[in-house]
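Note that the protein sequences, when read in sequence, are chains A and B.
Mind the numbering: the first sequence is residues 96 to 207 in our numbering, read in order.
Mind the numbering: the second sequence is residues 32 to 144 in our numbering, read in order.
C-beta: ideal position from N, C-alpha, C; glycine also.
For reference, the structure discussed in these notes is given below.
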Amino acid sequence: DAGVTQSPTHLIKTRGQHVTLRCSPISGHKSVSWYQQVLGQGPQFIFQYYEKEERGRGNFPDRFSARQFPNYSSELNVNALLLGDSALYLCASSLHLNTEAFFGQGTRLTVV
Amino acid sequence: GQQVMQIPQYQHVQEGEDFTTYCNSSTTLSNIQWYKQRPGGHPVFLIQLVKSGEVKKQKRLTFQFGEAKKNSSLHITATQTTDVGTYFCAEPVRGNAGNMLTFGGGTRLMVKP
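This is how it looks when you write it as structure tokens:
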């Protein structure tokens, strides 16, 4: 079985641009969460979706948005990119809301 | 906001030595999860502790949850080079009817062969 897949794996963007990151959860998993991991730190929670509805939101500006599709895949969108948005963006899926999280390999975003 | 603090930040050990990382919270934790992230990799779930005073073992890894559910530890016996990575504790925090994970800062383990 495929694990959590994220695309793209690496991305370079310019300040002010917009980016869309994609995530496909493990088959059968209905919950997808997004995390930002800055180098040398632990992952920081951004969003959680369950059954296509937003169920949790972390302390991130409105430039960050996400959605979950009927097939449970998800997109994370970031507008007006800042240098400080450079990080590894991790997607995690879980069977339900409070079960263990399985992380994808992440998308490494560099903003220049 | 809720925070889990991990110590130490870094630990260098000689292969065969033991290693321990500690996770502390100022508030009572509902439960605690542990993850391992290899260099250049992604966090991988190791275990979840729920009960006060719980102790769980996975081969050379021993996980403990404090009696007051405010701290937890991960102990590795006789480290191997394959143990290299960053170990994170994480607390599921309920918010907006969902569950988000609040991660500690992690302990980076380096093992010298």
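Residue i classed as buried or exposed, judged by whether at least 16 other C-beta atoms fall within 10 angstroms
i: B/PHE50; result: buried
i: B/GLN34; result: exposed
i: B/PRO39; result: exposed
i: A/GLN112; result: exposed
i: B/GLN37; result: buried
i: B/SER61; result: exposed
i: A/PRO156; result: exposed
i: A/PRO120; result: buried
Residue i at chain A interface by Cβ criterion, 8 angstroms
i: B/GLY135; result: yes
i: B/LEU123; result: What sits at residue 123 of chain B in the sequence shown is Pro, not Leu. At least one chain A Cβ lies under 8 angstroms of B/PRO123.
i: B/GLN79; result: yes
Spatial distance of residue i from residue j (CA atoms)
i: A/GLN54; j: A/THR104; result: Residue 54 of chain A cannot be examined here, being either before or after the span of chain A that is shown, 96 to 207.
i: A/GLY151; j: B/HIS73; result: 22 angstroms
i: B/VAL75; j: B/THR113; result: 14 angstroms
i: B/LEU132; j: B/ASN102; result: 16 angstroms
i: B/GLN45; j: B/THR52; result: 16 angstroms
i: B/HIS106; j: A/LEU190; result: 29 angstroms
i: B/GLY32; j: A/VAL207; result: Because B/GLY32 sits at a pLDDT of 49, beneath the cut-off of 50, its placement in the model cannot be relied upon, and the following sentence gives the value as read from the coordinates. Between B/GLY32 and A/VAL207, the C-alpha separation is close to 31 angstroms.
i: A/LEU183; j: B/GLU98; result: 35 angstroms
i: B/LYS88; j: B/LEU77; result: 11 angstroms
i: A/PHE159; j: A/GLN136; result: 20 angstroms
i: A/ALA97; j: A/SER122; result: 8 angstroms
i: A/PHE142; j: A/CYS186; result: 10 angstroms
i: A/LEU204; j: A/ALA196; result: 22 angstroms
Residues that residue i contacts on chain B, provided the C-beta gap is smaller than 7 angstroms
i: A/LEU178; result: Per Cβ cutoff of 7 angstroms: no residues; A/LEU178 is ~22 angstroms from chain B at best.
i: A/PRO138; result: PRO74 and PHE134
i: A/GLY123; result: In chain order: nothing, as chain B lies at least about 17 angstroms away.
i: A/ALA196; result: PHE76 and LEU132
Partner residues on chain B for residue i, Cβ-Cβ distance less than 9 angstroms
i: A/LEU185; result: HIS73 and PRO74
CB contact below 8 angstroms: residue i versus chain B
i: A/LEU204; result: no
i: A/GLN112; result: no
i: A/SER128; result: yes
i: A/GLN131; result: no
i: A/GLY163; result: Gly is not the amino acid found at residue 163 of chain A; the sequence shown has Gln there. Chain B, which has no Cβ nearer than 8 angstroms to the Cβ of A/GLN163, makes this no.
Distance CB(residue i)-CB(residue j) smaller than 8 angstroms
i: B/SER83; j: B/PHE94; result: no
i: A/LYS125; j: A/LEU176; result: no
i: A/SER169; j: A/VAL99; result: no
i: A/VAL127; j: A/GLN163; result: yes
i: B/GLY135; j: B/ALA121; result: yes
Neighbouring residues, chain A, relative to residue i (Cβ below 7 angstroms)
i: B/PHE119; result: GLY137
Contacts of residue i in chain A (Cβ-Cβ under 9 angstroms)
i: B/GLN64; result: GLU195 and ALA196
Interface partners of residue i on chain B, CB under 8 angstroms
i: A/GLN200; result: GLY72 and HIS73
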